[in-house]
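Chemist: Residue numbering for the sequence shown follows the UniProt record's numbering, starting at 636 and increasing by one per position.
Where is the CB? At the ideal position from N, CA and C, for every residue including glycine.
Note that the structure is predicted; figures quoted are calculated from it, not measured.
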Amino acid sequence: ENKNTDKKHSMLFHPSMDKEVNQEFLLSNHLRYAIEKKELYIYYQPIVEVHTEKIVAAEALLRWKHPEFGLISPEEFIPVAEKTGLINEIGKWVLKNACIQNKRWQNQGYSSLTICVNISVNQLKQKEFPQLVGNILNEINFDPKYLELEITESISTENVENIENILYDLKRLGISLSIDDFGTGYSSLAKLRQLPISKLKIDKSFISDIDDQLTNIQIPSAIIAMAKSLNIKVVAEGIETKKQLECLKDLACEFGQGYLLSPPVDKDSFERILHLQSLKEK
Ligand code: C2E
Ligand code: MG
Ligand code: MG
Ligand code: MG
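Here it is as structure tokens:
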């Protein structure tokens, strides 16, 4: 039906390919010019309050459409961007443009909409990262209260000196931080408590399990209980069925996102979704 939604990308370069290294090289050469050639753009996926199903935030998800190769999945090109260091420039571009877009929506009357932006560990490792984020926010006059950075669970096991300091510096800017794909890494409770994290995003693998057997709610249920005791909010990722949504309501999970609610969509489609919702409320 709608061309501007995406559930699947073409897998041009299959991970099992023989010439993996050459493909990576090829990809990185093209990625280098993707920004100036305007081949990158951002899709947005609604994040809702589970209890009311009301949209409270948008997650910015990067897309790359190459004129020959077609749509390339971020799962394919983000690792290449990380290896080559291109992620720093690309990451800055995403952050700035996603915030600009969010501000437009706020100005249209969706004033409390938050924007969530994925950040690679490589970006966080830059000592100047907090200042860089602060500069972007100043430049576009963005209220930091409405920005959330999603970082992967692996940061809590990384042996990066100063990573905690960087997180605290970011927090001091007034933005919030969340842990993405939670449950797939090895974060300890003790470690999480030390970090200035306000949200956990339960990895979609645990949510898709909910359908098969009722015992599978034990993991989401335990994560939600643990998070509550630490005063951390929870987002369930990858909600695809009504049953999963109902279960999460029962578990009092605060927020959710997934194909059942909406796949990631382009900015115009997102705007239509916001508009439809506001009509319903009237
Ligand atoms: P993520 O941050 O965990 O984002 C969620 C992924 O799950 C997205 O994949 C989204 O399209 C997909 N998804 C959403 N709902 C469902 C569902 O109901 N079922 C299933 N099976 N999947 C769902 P996407 O857009 O392909 O992005 C993949 C990953 O690429 C992201 O995972 C994130 O780690 C990374 N990524 C995307 N954009 C950026 C970016 O701007 N910067 C960085 N550093 N990483 C990014
Ligand atoms: Mg994410
Ligand atoms: Mg992520
Ligand atoms: Mg995730």
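Ordered along the chain, which non-local residues of its own chain (more than five positions away) have a Cβ less than 6 Å from that of I854?
Modeler: Position 219 of the sequence shown, counted from the first residue, corresponds to residue 854. Closer than 6 Å at the Cβ level, and outside the excluded window around I854, lie F841.
Chemist: Could you pull out every residue in the same chain whose Cβ sits closer than 7 Å to the Cβ of S843, ignoring the five residues on either side in sequence?
Modeler: Indexing the sequence shown from 1 puts residue 843 at position 208. Closer than 7 Å at Cβ, skipping near neighbours: G873, E875.
Chemist: Measuring alpha carbon to alpha carbon, tell me which of E916, V870, L880, H701 ends up nearest A692.
Modeler: Taking the sequence shown and counting its residues from 1, the one referred to as residue 692 is at position 57. The option with the nearest alpha carbon to A692 is V870.
Chemist: So T819 and D838 are supposed to be a Cβ contact under 8 Å. How far apart are they, rounded?
Modeler: As a first step, residue 819 is located in the sequence shown; it is residue number 184 there, counting from the start. As a first step, residue 838 is located in the sequence shown; it is residue number 203 there, counting from the start. Right, their Cβ atoms sit about 5 Å apart.
Chemist: Taking DSSP as the reference, what is the three-state secondary structure of R667?
Modeler: What you label residue 667 is simply residue 32 of the sequence shown in a count that begins at 1. In this structure, R667 counts as coil in the three-state DSSP scheme.
Chemist: Compare the C-alpha of Q829 against each of E799, Y894, S856, I858 and name the closest.
Modeler: Here residue 829 refers to the residue found at position 194 when the sequence shown is read from its first residue. Answer by Cα proximity: E799.
Chemist: With DSSP collapsed to three states, give me the class of L827.
Modeler: For the purposes of this step, residue 827 is taken as residue 192 along the sequence shown, with counting starting at 1. In the structure shown, L827 sits in a helix (DSSP, three-state: H, G or I).
Chemist: Examine the Cβ distances between the region 854 to 863 and the region 881 to 894 and report whether three or more of them are shorter than 8 Å.
Modeler: Touching, yes, given that three or more Cβ pairs across the two stretches are closer than 8 Å.
Chemist: Can you tell me where the beta strand (DSSP E) holding I871 begins and where it ends?
Modeler: As a working note, residue 871 is residue 236 in the sequence shown. At residue 871 the sequence reads Ala, which differs from the Ile that was named. First-last of the beta strand (DSSP E) with A871: 868 to 871.
Chemist: Compare the Cα-Cα distances from L716 to each of N732, L697, P702 and report the closest residue.
Modeler: The residue labelled residue 716 in the question sits at position 81 within the sequence shown. In the sequence on display, residue 716 carries Ala and not Leu. Closest by alpha carbon: L697.
Chemist: Closer than 7 Å to a non-hydrogen atom of ligand 1 - does that hold for the CB of G726?
Modeler: Taking the first residue of the sequence shown as position 1, residue 726 is located at position 91. Yes, Cβ of G726 sits closer than 7 Å to a heavy atom of ligand 1.
Chemist: List the residues that DSSP assigns as beta-bridge partners of D885.
Modeler: Locating residue 885 in the sequence shown gives position 250, counting from the first residue. Paired residue(s): none; D885 is not in a bridge.
Chemist: With burial defined as no fewer than 16 other Cβ atoms inside 10 Å of the residue's Cβ, what is the status of V900: buried or exposed?
Modeler: Within the sequence shown, the letter at position 265 stands for residue 900. Buried is the call here.
Chemist: Residues in the same chain with beta-carbon distance under 7 Å from F764, minus the five sequence neighbours each way, listed in chain order, please.
Modeler: What you label residue 764 is simply residue 129 of the sequence shown in a count that begins at 1. Only Q758, I801 meet the Cβ criterion.
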